[in-house]
Structures are given as C-alpha cells and as structure tokens.
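**Q**
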Amino acid sequence: MKRNPIWHNTHSNFKLNGIHYTFAELPEIGYSLIKEGDEHEVSIGDFLLDWTSQSTTVTVLTSGSTGKPKKIPLKKNHMVNSASATGNHFGLKAGDTALFCLPSSGIAGKMMLVRAMVLGLELDYVSPSSTPLENCRAEYDFVAMVPLQVESSLEQLSQIKTLIIGGAPISKALKEKLTTVSTNCYETYGMTETITHIACKKIGTESANYFETLPDVSVSTDDRNCLVIDASNISDAKVITNDLVELMDENKFRWLGRFDSVINSGGIKIIPEQLEEKLLQLIKSRFFIAGIPDSKLGQKVVLVVEDISVFKPGLLQKIKRLDCISKYEVPKEIHFLKSFVETESGKIHRKKTLQQIDEVL
C-alpha cells in the first residue's frame, strides 16, 4: 500500500485565524484567499496550493540582497524537518499560539505556515507591515520578525513569549533595548537554501557573541574561512556560504561579514560589516559601508547614509575621533541619499543603491 508523503497531513491542533483545517480542506482555502483575499492573503493562498500539490518540492526565490534573486527548489520533507527542529529547539508544543506577520512570498513566511501545520500551532496572520502589533491585543507564544518590525514594536513585545529575529543583522542599539524586555529574544542565522534558521543566539546572555546550531546541524569552514553547513535533514548536500566566520567548534561560530563584500584598499582588507558595527554609535539612520573603484588604492571605503539632512563634515570628524577606527577604515567619501533601494524582502540592495550614487554624481 502506497503511503502518503509526510506533508500530506495537518496536526489536529492546527488553526489558521482561529479555524482548524484538515489537509484536504487547504486547497479550497487557498483558492478562496486567491479569489477574495487582500494581496498578502493571495500570497498565502498561492503557497497553500503549492503545498498541497503532488510536487515533492516548493520553488522559492532567494532574497537577492547579495545578487540577482534566483529560484531554487526546496523539498517539502526537508521543510517539515526544519519545522520540527524549530519546535524542538524552542520548546513549542501543540496548541501554542503564533503570529504570522511576514510576507509569505519568502521562505521565512512560508515556514511560519509549515510550522503551524506540522507542530499544531494556532496561527493568526496579519498584513505584513513595520508595526505588526499596532492593532493587536492578543498574546503569542511564538513570533518571527525582521529587525525593523521589532524596533517599531518594543512597547508591545510583552505580548510575545518567544521572538526570533532574522532577515538582517540586528544593531547594537536594538540588542541593548531587547535586554530590558521580558520576551525571550533570539537572533537567527540562516538563508533560503537552509530553509530559514540553522543557528541562533539568545540576546542578552553570555553566549550572545556566537551562534549555536540547531539539532542535527554541524558547521565547518572552507579555505576562505567561510561557513560550510552540514545538515542532512534539510539539505542533500553541504551548503557552502559566502559568510566569513570565526569558528568556535562544530556547533558554534561568530559571524564576521560577507566574503564578497570585503574591501581591498591599498592592500588592507576591510570587512564592511565590522566597520558598520563600530559606526552604529554615531549614525541613527540606515547606512552601509562599501568599496568603490579607485585608481590609486584599487578600492576606497565609502559610507552611504539614508538621510539627506546629516551634516557631512561634522560626521566625518566624529568618525575620525573614534578610538576603535583605524586610519584605513575612515571613509574616503560619504554619500547621503533620500532612500535606499530594497529587495522584495525589505533588505538593502547595496549594489543598486550604489548605482544611485553614480546617477547623482
């Protein structure tokens, strides 16, 4: 007798906006959301139809923050395994409540739906926005957000028991604010290829300097000192990343930055993400460090700020006075833009934003 695939089932405790649906009922709900729902509900409906189809895979777009977004197939049984690993790591149980406030077009949003169906969560969804808790009075056991949403929801975080944060690095200032809340806040590490997070660290603890892998995940580095992920439950092959890391052991690492963003300025290698961390104390607006071609240095360090009201000479002098900044790290140029170009998932698209500088010049 042929057995149904493991994803052809929904937990008996699974609820979507207060209503339980069996696996057989999901296609009808999907069609209804596509036909009558708002934009974010149409996206949910699309995924429900993908999930309940006969295909063993789901096609997902990568974020595109470091290059052109690409379509990759993810095995549905791997997505189920990822959901189970998250449930085990964070102690989620059937009947726990969760809020779905991310776009379901990306892997992070899709996995909130999968976790709810697999673990038996009672999942409420709202339209994705920077203020997901603005009109919400309910309390939740588990929520996933991006840093911008967290920053805008600090006064309401007491409504959440466990909060995972991903999609972009968390600023030092936000981490300090999160140490004062009652919520258990975790910074996560992952990507589309690893079906969201494969490691996390609890903010405000002694171990918050490094990520610790989830069960059945081990890590190593290649000859570039970039992270290599071995997780057979969610990927048939090892995942070789472009993330520079400091490896503690096979289950712990510290993220340093992106290999493909390292700036070689006159023979001195500068990791933009490390320099950005040093500048957080001075700049409140969004910003990033990049390297652009230079006839003498090969590349020169530039600072790009999303704020046209900042006084450039004053900022440069403050940077030069920082004890933690070497002379090689001081930006040769500072550019101020009204707004950054973003990817569909809300991340800064650095390459396209840098093209704006050329257009202004």
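Residue numbers (our numbering): 694 to 1054.
Each residue gets a CB set at the ideal place from its N, CA and C atoms; glycine is no exception.
Nothing here was measured: the structure is a model prediction, and the numbers come from that model.
To the nearest angstrom, how far is the alpha carbon of Leu741 from that of Gly991?
**A** Between Leu741 and Gly991, the C-alpha separation is close to 50 Å.
**Q** Return the first residue and the last residue of the alpha helix (DSSP H) that Asp743 is part of.
**A** 732 to 745 is the extent of the alpha helix (DSSP H) around Asp743.
**Q** Would you be able to state if there are at least three C-beta pairs under 8 Å between the segment 819 to 828 and the segment 840 to 853?
**A** Output reads yes: the segment 819 to 828 touches the segment 840 to 853.
**Q** Are the beta-carbon atoms belonging to Arg951 and Glu939 less than 7 Å from one another?
**A** No, the pair does not count as a contact, with Cβ atoms beyond the cut-off.
**Q** Using the DSSP secondary-structure output, state which residues sit across from Lys894 in a beta bridge.
**A** DSSP lists Glu880 as partners of Lys894.
**Q** Under three-state DSSP, which class holds Asn828?
**A** Three-state result, Asn828: coil.
**Q** Arg951 by DSSP, collapsed to three states: which one?
**A** Strand, per DSSP.
**Q** Which term fits Pro1006, buried or exposed, when burial requires 16 or more other beta carbons within 10 angstroms of its beta carbon?
**A** With fewer than 16 Cβ atoms within 10 Å of its Cβ, Pro1006 is classed as exposed.
**Q** Hey, out of Asn935, Asn926, Phe904, whose CA is closest to Cys919's CA?
**A** Considering only alpha carbons, the answer is Asn935.
**Q** Among residues of its own chain, excluding the 5 on either side of Pro762, which ones have a beta-carbon nearer than 6 Å to its beta-carbon?
**A** Cβ within range, chain order: Leu754, Thr755.
**Q** In whole angstroms, what is the alpha-carbon distance linking Arg1014 and Ile853?
**A** Those two C-alpha atoms are separated by around 40 Å.
**Q** Which same chain residues, not among the five before or five after His701, have their C-beta less than 6 Å away from its C-beta?
**A** Contacts found: Phe716.
**Q** Under the DSSP definition of a beta bridge, which residues are partnered with Ala791?
**A** For Ala791, which the question treats as bridged, DSSP gives the partners Leu816, Phe835.
**Q** Along the alpha helix (DSSP H) that carries Phe783, what are the first and last residues, could you check?
**A** Per DSSP, Phe783 belongs to the alpha helix (DSSP H) from 769 to 783.
**Q** Indicate the three-state DSSP secondary structure (helix, strand or coil) for Ser840 in the structure shown.
**A** It is worth fixing the name first, because residue 840 is Pro in this sequence and not Ser. Here Pro840 sits in helix by DSSP.
**Q** Can you list, in chain order, the residues of its chain with a C-beta nearer than 7 Å to that of Val994? Leave out the 5 residues immediately preceding and following it.
**A** Closer than 7 Å at Cβ, skipping near neighbours: Ile956, Ser958, Ile963, Ile982, Gly984, Glu1022, Pro1024, Lys1025.
**Q** Would you list the one or two residues that DSSP bridges to Gly991?
**A** According to DSSP, which records beta bridges pairwise, Gly991 is partnered with Asp987.
**Q** Report the option in Lys931, Asn926, Ser925 whose CA atom is closest to the CA atom of Thr914.
**A** Minimum Cα distance to Thr914 is reached at Lys931.
**Q** Going by the DSSP bridge assignment, what does Thr855 pair with across the sheet?
**A** Per DSSP, Phe835, Asn877.
**Q** Return the residue from the list Gln1010, Gln1048, Ser1032, Met941 that minimises the CA-CA distance to Pro986.
**A** Closest option to Pro986, Cα to Cα, is Gln1048.
**Q** In chain order, which beta strand (DSSP E) runs of at least 3 residues are fully inside the segment 913 to 949?
**A** Taking only runs of at least 3 residues, the beta strand (DSSP E) segments lying wholly in the segment 913 to 949 are 919 to 923, 932 to 942.
**Q** Considering only DSSP beta bridges, list what Glu1026 is partnered with.
**A** Bridge partners of Glu1026: Val995.
**Q** Flag Leu792 as yes if its beta-carbon sits less than 7 Å from any beta-carbon of chain C, otherwise no.
**A** The structure shown contains no chain C; it holds only a single protein chain.
**Q** If I follow the unbroken beta strand (DSSP E) through Ser958, where does it start and stop?
**A** Unbroken beta strand (DSSP E) run through Ser958: 956 to 958.
**Q** Would you identify the three-state DSSP class for Ile1012, choosing helix, strand or coil?
**A** If DSSP states are grouped into helix, strand and coil, Ile1012 belongs with the helices.
**Q** Quick one: residues in its chain with C-beta nearer than 6 Å to the C-beta of Glu886, no 5 flanking neighbours on either side, listed in chain order?
**A** So the list reads Val932, once near-sequence residues are dropped.
**Q** Tell me whether Leu907 sits in a helix, a strand or coil according to DSSP, three-state version.
**A** It is coil, neither helix nor strand.
**Q** Count the C-beta pairs between the segment 922 to 931 and the segment 972 to 979 that are closer than 8 Å, then say yes if the count reaches three, no if not.
**A** Result no; under three Cβ-Cβ pairs closer than 8 Å.
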